[in-house]
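With the working numbering, letter number 19 in the sequence shown gets 145, and the count goes up by one each step, no holes.
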Amino acid sequence: MAESQRAEQRRAREADGARELAAEQARGRELERQRLAADQLEKQERARKAAEERNQEAREKAQRLAAEDRGKREFRDAMIRGIRLAATKCPDGEGHYYATGLLPKPKPKGGYCIDVHYEASCPGSRNVVTGVATKFIGLNGCFGDTYKIDPKPACDVKAVAIRVTDVTLDCN
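As structure tokens, this is what we get:
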């Protein structure tokens, strides 16, 4: 009988060991599942933060570009309103008429190279000469910005009216 009791005790210990091993394995599987879930949450949070940062950068870029565009429009509009062009004759200009003029005072903020589009005409005439003062810097007179008006209007140079029609930025 003693041997059967020992065998019974041994089987009981083996069963206890098997239960403990199974419980330990179950705890290990649960810990691994929790670790994987935590990793997945961390990955999702990193992805969410990265997407949020990209969205914020895109918003900031859009705002910066909108502000730049607004600044360029304001500069352009101020130049269209403020530039004054006049017709003149220059010495040794072979009798041609030239458009020349000044930048507005005070000059609007913005360091852009500009091309000034204009129309020149005589009073009462429907004939309009269009031109572009390229890379206009506003140095009035024959030794500054001068742009040939071609064809030459039929009236006296002092009667020629020049109107700014557009200003393009960055001299493309």
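Even glycine gets a Cβ: it sits at the ideal position worked out from N, Cα and C.
When rounded, the separation of the alpha-carbon atoms in GLN131 and ASP142 is 16 Å. Residue ASP203 holds the alpha-carbon nearest to the alpha-carbon of LYS235 among LYS175, ASP203, PRO277. Shortest Cα-Cα distance from CYS239 to any of SER247, LEU229, ALA138 involves LEU229.
Segment contact: the segment 211 to 223 against the segment 192 to 203, fewer than three CB-CB distances shorter than 8 Å; contact not assigned.
In this structure, the beta-carbon distance from TYR223 to VAL290 does not fall below 8 Å. If one requires a minimum length of 4 residues, no alpha helix (DSSP H) run lies completely within the segment 139 to 174. Residue pairing by DSSP places HIS243 opposite VAL258, ASP292 in a beta bridge. In this structure VAL286 is not in contact with PRO277, their Cβ atoms being roughly 12 Å apart against a cut-off of 8 Å. ILE209 is a Cβ neighbour of GLY227, given a cutoff of 8 Å.
Sorting LYS261, GLY221, ASP282, ILE275 by C-alpha distance to the C-alpha of ASP296 places LYS261 at the top.
Assignment of ALA176 by DSSP, reduced to helix, strand and coil, places it in the helix class. Pairing ILE275 with ALA212 gives a Cβ-Cβ distance that is not under 8 Å. Ranking TYR273, GLY221, GLU129, ALA128 by CA distance to the CA of VAL255 puts TYR273 first. Between the C-alpha atoms of GLU134 and ALA144 there is a straight-line separation of about 15 Å. Of the other Cβ atoms in all chains shown, 16 or more fall within 10 Å of the Cβ of PHE201; this residue is therefore buried. The C-beta of ASP271 has 16 or more other C-beta atoms within 10 Å across all chains shown, which makes the residue buried.
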